[in-house]
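Visitor:
Numbering (the working numbering), first residue to last: 27 to 166.
(1) Just the Cα atoms here: how many angstroms apart are residue 156 and residue 46?
(2) Express the C-alpha separation of residue 121 and residue 74 in angstroms, rounding to a whole number.
(3) Could you pull out every residue in the same chain whose Cβ sits closer than 8 Å to the Cβ of residue 137, ignoring the five residues on either side in sequence?
(4) Answer yes or no: do residue 123 and residue 106 have a C-beta to C-beta separation smaller than 8 Å?
(5) I'd like the span of the beta strand (DSSP E) that includes residue 46, first residue to last.
(6) If I measure Cβ to Cβ from residue 93 and keep anything under 8 Å in the same chain, skipping five residues before and after, which residues do I get?
(7) Grab the span of the beta strand (DSSP E) containing residue 115 for me, first residue to last.
(8) Mapping the DSSP letters down to three states, classify residue 131 as helix, strand or coil.
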């Protein structure tokens, strides 16, 4: 997983890099989990399918990460694997794939940061000389 935290006044900002757009979205899911808890202790024993659409890739990334947060809040699932495929369509972008994880266990996983939402503040998804880069800010 390739991400780093960025200085931010009140929220948590990260920058994720990957070789492809599909990988960037998958790495962003893992980075979110790692910001919340100890990613290495999450076992991918349950699989959740995810399908989303949005007009632009950056909006699709926010939708995906907010879906991951929603699943955490409503089913206590945290994810350590993501296999995602993005497709550009006439009306925007679609995402389909699977997330692998398990029910959150405070004692085993630990809690690093309580994230409330993914924001559009300073959001960017763009190609770079080395592949793809996303900048994401989480509301704490």
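In this text, a Cβ means the ideal position worked out from N, Cα and C, and glycines have one as well.
Note that the structure is predicted; figures quoted are calculated from it, not measured.
Guide: The short version:
(1) 9 Å
(2) 14 Å
(3) 62 and 63
(4) no
(5) Per DSSP, residue 46 belongs to no beta strand (DSSP E) and is neither H nor E.
(6) 76 and 78
(7) 103-115
(8) coil
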